[in-house]
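Reviewing the structure listed below.
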Amino acid sequence: MAGSIKIDIDVDGAVSRFEEAGNVTGEAPIAVAAPDAPQEPGTVDVPLIKLAWGRSGDKGNKANIGIIARDAAYLPHIWAALDEDAIRHRFGHFMADGSGLKRFYLPGSNAMNILIDEALGGGGVASLRNDPQGKAYAQILLDHKISIPETLAEAL
Numbered sequence: 363m364a365g366s367i368k369i370d371i372d373v374d375g376a377v378s379r380f381e382e383a384g385n386v387t388g389e390a391p392i393a394v395a396a397p398d399a400p401q402e403p404g405t406v407d408v409p410l411i412k413l414a415w416g417r418s419g420d421k422g423n424k425a426n427i428g429i430i431a432r433d434a435a436y437l438p439h440i441w442a443a444l445d446e447d448a449i450r451h452r453f454g455h456f457m458a459d460g461s462g463l464k465r466f467y468l469p470g471s472n473a474m475n476i477l478i479d480e481a482l483g484g485g486g487v488a489s490l491r492n493d494p495q496g497k498a499y500a501q502i503l504l505d506h507k508i509s510i511p512e513t514l515a516e517a518l
């Protein structure tokens, strides 16, 4: 079978073959657009920690921050508030000049991921920073204020 995955399982000399069709369509996954925050009158600013969980770490000299909304209704507001300018403002003192920054919307998981290049002073053992692996970056971001409609804030 073309494009299949073949595995031979050997237990005490008895060989069994397992074969499963692979995804060989060659088509890229369907891109899902990030949500737009609804424009509602009467908003209030709340810290991100009330709306989401966060986790962070390193990928070499890159900081990787995952933000998971506690409710799907919060994600459009979180995505809108955590744009590249806001993230650069929050982490600019860690970033090297010209550092790249990417945001990724993760459909179906009520989450987003942020990847900041050259943000760890070399990363790991190469860094002289207090947090060379970016473990506290999510906690720093969870203090960021997010503007949400009063109707959502009332339920917090």
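Remember, the working numbering sits 362 above the position in the sequence shown when you count from 1.
Think of the CB as a built atom: it goes at the ideal place given N, C-alpha and C, for glycine as much as any other residue.
DSSP, read as helix, strand or coil, puts R379 in strand. Take the alpha-carbon of I502 and the one of P391: they are about 33 Å apart. Within the segment 443–508, the alpha helix (DSSP H) runs of at least 4 residues that lie entirely inside it are, in chain order, 446–453 and 499–503. Nearest neighbour of G485 by Cα position, chosen from A383, A399, G422 and I411, turns out to be G422.
With a cutoff of 8 Å on beta-carbon distance, P409 and L504 are scored as near each other.
Residue environment: D445 is assigned as exposed (fewer than 16 neighbouring CB atoms within 10 Å of its CB, all protein chains considered). Bounds of the beta strand (DSSP E) holding A414 are A414 to K421.
For A393, there is no enclosing beta strand (DSSP E), as DSSP marks it with neither H nor E. When DSSP states are grouped into helix, strand and coil, A431 belongs to the strand group.
Distance check between G428 and each of A443, Y467 and A399 places Y467 closest, using alpha-carbon atoms only.
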